[in-house]
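Take the sequence shown: its position 128, counting from 1, is numbered 128 in our numbering, and each next residue is one higher.
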Amino acid sequence: MKPAKLKTLAELVPIVARLKRRGLRVVLANGCFDLLHAGHVRYLEDARGRGDVLVVAVNSDASVRRLKGRARPVLPARERAEILAAFAAVDYLTIFSEPNVERILRVLRPHVHAKGSDYTKATVPERETVKAYGGAIAIAGGPKIRNTTDIIGRIASGRRG
């Protein structure tokens with residue numbers, strides 16, 4: 001089942017344009033979101049607090065494999081999107097296959113591009129794209145408390161923690 005919040009980039013273009021015309025502040029967050037944990041919740045809630053509307057770009061299965069290895073993702077993109085769609089903080093979702101969200105940023109031009117605390121404003125890969133259209137970068141979610149790869153490793157080894 002496709003959640004109502006899940007849109008293609010082409011479907012998001014007029015939606016985001018309409019929201020901006022209404023004076024709403026649009027925030028884009030992105031990630032793999034493979035095996036959700038409290039750090040993801042904190043990131044998304046903080047990102048949503050940076051504006052009026054939160055759009056979340058979810059890495060496709062192929063993109064996650066390129067980033068994390070053959071054994072990933074644990075859950076397919078549609079399921080990850082369905083889970084994220086249940087979050088009150090998330091207004092819209094899209095799935096992307098590129099190495100980063102530069103194309104989405106160029107097309108949607110959100111007011112804020114939120115990244116997790118594993119980045120600094122200087123290390124955000126898309127910082128020049130955001131700067132070029134006049135957007136802002138926000139580091140959201142507070143200190144990094146979890147890492148999905150480490151959680152998977154603990155599960156595989158039988159360690160607790």
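Here a beta-carbon is modelled for each residue, glycine too, at the ideal position from N, C-alpha and C.
Just so it is clear, the structure is predicted and the values come from calculations on it, not from any experiment.
Beta-carbon proximity of residue i to residue j, cut-off 7 Å
i	j	result
Leu-105	Leu-93	no
Gly-141	Ser-117	yes
Ala-122	Ala-138	no
Supposed close pair residue i, residue j - CB separation, criterion 8 Å
i	j	result
Val-53	Leu-24	5 Å
Leu-19	Val-26	6 Å
Tyr-133	Arg-103	Actually they are not in contact, since the Cβ atoms of Tyr-133 and Arg-103 sit about 13 Å apart, beyond 8 Å.
Leu-44	Ala-89	5 Å
Asn-30	Ala-57	4 Å
Arg-70	Asp-34	So it is not a contact: roughly 13 Å between Cβ atoms.
Cutoff 7 Å: residue i Cβ touching any chain B Cβ
i	result
Ala-62	In the structure shown, chain B does not exist; there is a single protein chain.
Residue i (DSSP reduced to helix, strand or coil)
i	result
Lys-20	helix
Leu-6	strand
Leu-36	coil
Ala-132	helix
Ala-81	helix
Leu-108	helix
Leu-28	strand
Paired residues, beta bridge with residue i - DSSP
i	result
Tyr-92	Val-55
What are the uninterrupted segments assigned as alpha helix (DSSP H) that are 4 or more residues long and contained completely in the stretch 43-68, given in chain order?
61-68
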